[in-house]
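Student: Sharing a structure here in structure tokens format.
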Amino acid sequence: MRIDRGIHRVWTYVRSAPGTYVWLTVLFVTTVAMHRMSPQFEDEFLRQRSTNIHELSSNPVRVLFASAMWIDGGRWLPYAVLYSVFHAPAERRLGTARWLAVCVAAHVLASLISEGALLWGIRHGMAPRSALDTLDIGVSYALAGVVAVLAYLIPSPWRYGYAVAVLLVYGVPLVAGRTFTDLGHFASMLIGFGCYSLVRGRVKARNPKETVPAVRG
Numbered sequence: 199m200r201i202d203r204g205i206h207r208v209w210t211y212v213r214s215a216p217g218t219y220v221w222l223t224v225l226f227v228t229t230v231a232m233h234r235m236s237p238q239f240e241d242e243f244l245r246q247r248s249t250n251i252h253e254l255s256s257n258p259v260r261v262l263f264a265s266a267m268w269i270d271g272g273r274w275l276p277y278a279v280l281y282s283v284f285h286a287p288a289e290r291r292l293g294t295a296r297w298l299a300v301c302v303a304a305h306v307l308a309s310l311i312s313e314g315a316l317l318w319g320i321r322h323g324m325a326p327r328s329a330l331d332t333l334d335i336g337v338s339y340a341l342a343g344v345v346a347v348l349a350y351l352i353p354s355p356w357r358y359g360y361a362v363a364v365l366l367v368y369g370v371p372l373v374a375g376r377t378f379t380d381l382g383h384f385a386s387m388l389i390g391f392g393c394y395s396l397v398r399g400r401v402k403a404r405n406p407k408e409t410v411p412a413v414r415g
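Residues 199 to 415 in this note's numbering are what the sequence shown lists, from first letter to last.
Next up, the structure:
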């Protein structure tokens, strides 16, 4: 039956990117949990898992891991789409270990860069001291890194158009808003572009129409 064949194809695609969908499952569970919290409890709970300056100073490893297990804003479905469009193809073609290396590098380094810039701003009177405990959770830094590294998997000349689009998506907010999260997203994009050594010789570039390929059963 067509329905059974479709379900089999979806399941095959999910199994081809186990890290992506295990992570997405964890995010679904934590998002459901977040929606069951009172606003006051949620704010304090997430702040303790945030990569803000205070928590990074005392529990860096714990908060860098924990912050990647929650979605800022509590909307899971858009991330399910983004993970399927960007993370899953990257994991399938780079392998789980190399894909995870890109995610970790982008998330960790961009968090440290953005919070370091914020600390500099606080010390120079450009940001309030209350920003030491600002709420900074989510998976968008890792996503930006993966979005960028995918440029190397697209053949010329489409690769260059894609790269320019990525630069605009993350560069324009940095110029216009100049917040520490804008800096973090731009930094994570640059980190993704800097992960060429993880891509080189690993896979052949494909047509961009194959970003979300139909997996045969």
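We treat Cβ as the ideally placed atom computed from N, Cα and C, and that holds for glycine.
1) If we count Cβ pairs, one from each stretch, closer than 8 Å, do we get three or more for the region 311-321 versus the region 342-357?
2) Quick check: the Cα distance between S214 and W221, rounded to an integer number of angstroms?
3) Mapping the DSSP letters down to three states, classify I335 as helix, strand or coil.
4) Would you say the region 352-369 touches the region 277-295, given that touching needs at least three Cβ pairs under 8 Å?
5) Checking 7 Å against the spacing of the C-beta atoms, do A340 and C301 come in under that value?
6) For P326, which three-state DSSP category applies?
7) Could you tell me the alpha carbon to alpha carbon distance between L280 and Y368, rounded to whole angstroms?
8) For the pair the region 330-337 and the region 247-265, tell me if three or more CB-CB distances fall below 8 Å.
9) Would you report the Cα separation of M267 and P216, rounded to the nearest angstrom?
10) Buried or exposed for R414, going by 16 or more other Cβ atoms inside 10 Å?
11) How many Å lie between L244 and A299 at the Cα?
12) Given a cut-off of 7 Å on the beta-carbon distance, is the pair A342 and H383 in contact?
13) Go through its chain and collect everything with a Cβ distance to F284's Cβ below 7 Å, but skip five positions before and after it.
14) With a threshold of 16 other CB atoms inside 10 Å of the CB of A231, please say whether the residue is buried or exposed.
15) Could you tell me which of G375, S256 and G392 sits nearest to A308, measuring between CA atoms?
16) Taking C-beta to C-beta, are G272 and T210 nearer than 7 Å?
17) Let me know if T234 comes out buried or exposed under the rule of 16 or more other beta-carbons within 10 Å of its beta-carbon.
18) For I269, which option in V306, W297, T223 and T294 has the closest C-alpha, if you only look at C-alpha atoms?
19) Can you name, in chain order, every residue of its own chain whose Cβ lies under 8 Å from the Cβ of L396, other than the five neighbours on each side?
Tutor: In brief:
1) no
2) For the purposes of this step, residue 214 is taken as residue 16 along the sequence shown, with counting starting at 1. For the purposes of this step, residue 221 is taken as residue 23 along the sequence shown, with counting starting at 1. Rounded to whole angstroms, S214 to W221 spans 14 Å at the Cα level.
3) Against the sequence shown, residue 335 aligns to sequence position 137. In the structure shown, I335 sits in coil (DSSP, three-state: anything other than H, G, I, E or B).
4) no
5) For the purposes of this step, residue 340 is taken as residue 142 along the sequence shown, with counting starting at 1. For the purposes of this step, residue 301 is taken as residue 103 along the sequence shown, with counting starting at 1. Yes.
6) Position 128 of the sequence shown, counting from 1, holds the residue named residue 326. Three-state result, P326: coil.
7) Working through the sequence shown from its first residue, we reach residue 280 at position 82. Working through the sequence shown from its first residue, we reach residue 368 at position 170. Near 16 Å, if we compare the C-alpha coordinates of Y368 and L280.
8) yes
9) If you number the sequence shown from 1, residue 267 lands on position 69. If you number the sequence shown from 1, residue 216 lands on position 18. Using only the alpha carbons, I get a separation of about 16 Å.
10) By 1-based counting over the sequence shown, the position of residue 414 is 216. At R414 the pLDDT is 40, less than 50, meaning the model places this residue with poor confidence; the figure from the coordinates comes in the next sentence. Exposed.
11) The sequence position of residue 244 within the sequence shown is 46, counting from 1. The sequence position of residue 299 within the sequence shown is 101, counting from 1. Their Cα atoms are separated by approximately 25 Å.
12) Position 144 of the sequence shown, counting from 1, holds the residue named residue 342. Position 185 of the sequence shown, counting from 1, holds the residue named residue 383. Contact flag set, yes.
13) Counting from one through the sequence shown, the residue named residue 284 turns up at place 86. Cβ neighbours of F284 beyond the five flanking positions: L341, V344, V345 and L348.
14) By 1-based counting over the sequence shown, the position of residue 231 is 33. Exposed.
15) Mapped onto the sequence shown, residue 308 falls at position 110. For the residues G375, S256 and G392, the minimum Cα distance to A308 belongs to G392.
16) What you label residue 272 is simply residue 74 of the sequence shown in a count that begins at 1. What you label residue 210 is simply residue 12 of the sequence shown in a count that begins at 1. Not in contact: G272 and T210 (Cβ atoms no closer than 7 Å).
17) In the sequence shown, counting from the first residue as 1, residue 234 sits at position 36. Before going on, a small fix: residue 234 reads as Arg here, not Thr. Under this definition R234 is an exposed residue.
18) By 1-based counting over the sequence shown, the position of residue 269 is 71. Residue T223 is the option with its Cα nearest to I269.
19) Numbered from 1 along the sequence shown, position 198 holds the residue referred to as residue 396. Excluding residues within five positions, the ones whose Cβ falls inside 8 Å are L292, R296, A299, V300 and V347.
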